[in-house]
Each structure stands twice: as structure tokens, then as C-alpha cells.
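Let me begin by presenting the structure, written as C-alpha cells, before commenting on it.
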Amino acid sequence: MANLVLIVDGFKLGTLNSPTYIPSFISSLDSILLEDVYFCENINIDLFYDLVLSGKLESRNNFTLEETFDDFMKRCIRSRENLYFYFKLYKDHYFNYENTQENIPIIKTIIIERFNSFLRDLKLYLT
Numbered sequence: 619m620a621n622l623v624l625i626v627d628g629f630k631l632g633t634l635n636s637p638t639y640i641p642s643f644i645s646s647l648d649s650i651l652l653e654d655v656y657f658c659e660n661i662n663i664d665l666f667y668d669l670v671l672s673g674k675l676e677s678r679n680n681f682t683l684e685e686t687f688d689d690f691m692k693r694c695i696r697s698r699e700n701l702y703f704y705f706k707l708y709k710d711h712y713f714n715y716e717n718t719q720e721n722i723p724i725i726k727t728i729i730i731e732r733f734n735s736f737l738r739d740l741k742l743y744l745t
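Rendered as C-alpha cells:
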């Protein structure tokens with residue numbers, strides 16, 4: 619267990635006020651890279667924005683990161699090169715988050731290789 623946050627393209631997700639079970643955290647992040655449900659060959663940032671703004675992503679492509687992160691909706695779609703994330707702070711959140719407004723879509727993109735590098739470093743740190 620450790621207190622941690624996940625920073626995706628400058629956005630801090632989670633809180634340091636609650637511990638996270640690290641093996642489950644890593645497994646959830648690995649699933650984004652491995653499971654077919656997250657992959658879309660034709661996704662790009664414009665299409666991703668359209669999916670978010672139309673509400674079509676509200677009940678799809680969710681992932682969990684332990685209860686430390688349960689105050690946020692978390693969605694992801696993977697292309698061959700990028701991960702497209704959609705986060706939203708729920709109105710009935712438990713913890714306080716500075717500079718994050720409720721029910722406002724937060725869209726972030728990260729290159730898959732950078733994400734892979736982060737996961738490799740995290741796993742090495744824990745061994």
C-alpha cells in the first residue's frame with residue numbers, strides 16, 4: 619500500500635489522503651495496454667472529443683485504479699500510438715481537489731511509449 623496520485627499529461631488524478639494497493643493499480647494500468655476493449659484503430663483526438671462531448675463514452679471503456687481514484691470517472695481509448703483519457707470529477711466526491719471542477723470533462727493524451735516507460739519504471743522500483 620502507498621499513498622499516490624497518477625499524473626497524466628499534467629493532470630493530477632487521485633489523492634494522497636488515501637492508500638492504494640499497488641499491485642491492483644499496476645494491473646489496471648496494464649489492462650489499458652493489453653485488453654481489446656480499449657483499442658480503436660481509427661481513434662484520433664477529434665473523434666475522441668466527439669465521443670466525450672456526445673456522452674457516448676460515459677458507460678464504456680472504464681478502468682479502475684483502486685478506491686483512491688473513485689471520485690473520478692475514468693475512461694480510455696487506445697490507438698496504435700496514443701492513449702486518450704477522459705476524466706471527470708463526480709459531483710458527490712469524497713475528497714477535496716484543488717483546481718478541479720465537478721462534472722467538467724478533462725481530456726488528456728499520452729504517447730503509448732511514454733506510458734509503457736512509466737509502467738516499466740514503476741515495476742522496477744517495486745522489485
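Residue numbers (the numbering used here): 619 to 745. All C-beta atoms in this analysis are idealised placements derived from N, C-alpha and C, irrespective of residue type, glycine included. All values reported here derive from a predicted model rather than from experimental measurement.
Membership of Arg738 in the alpha helix (DSSP H) is indicated by the continuous run 730 to 744.
According to DSSP, Tyr702 shares a beta bridge with Ile695, Thr727. Note: Glu720 is bridge-paired with Leu707 in the DSSP secondary-structure output.
As computed with DSSP, Phe690 is found in a beta bridge with Leu707. Nearest Cα to Asp654 within the set Ile695, Glu676, Asn635: Ile695. If you check the CB distance, Tyr702 and Ile663 come in under 8 Å. The three-state secondary structure of Leu683, taken from DSSP, is coil.
In this structure, the CA atom of Glu676 is about 10 Å from the CA atom of Lys706. Residue pairing by DSSP places Pro637 opposite Asn621 in a beta bridge. Counting C-beta pairs with one atom in each stretch, the stretch 637 to 651 and the stretch 715 to 726 have fewer than three that are closer than 8 Å, which means they do not touch. Partner residues in the beta bridge of Leu631, as assigned by DSSP, are Leu624. Taking Arg698 as reference, the option from Gly673, Ile650, Thr638, Tyr708 with the minimal CA-CA separation is Ile650. Counting other Cβ atoms within 10 Å of its Cβ, Arg693 reaches 16 or more and is therefore classed as buried.
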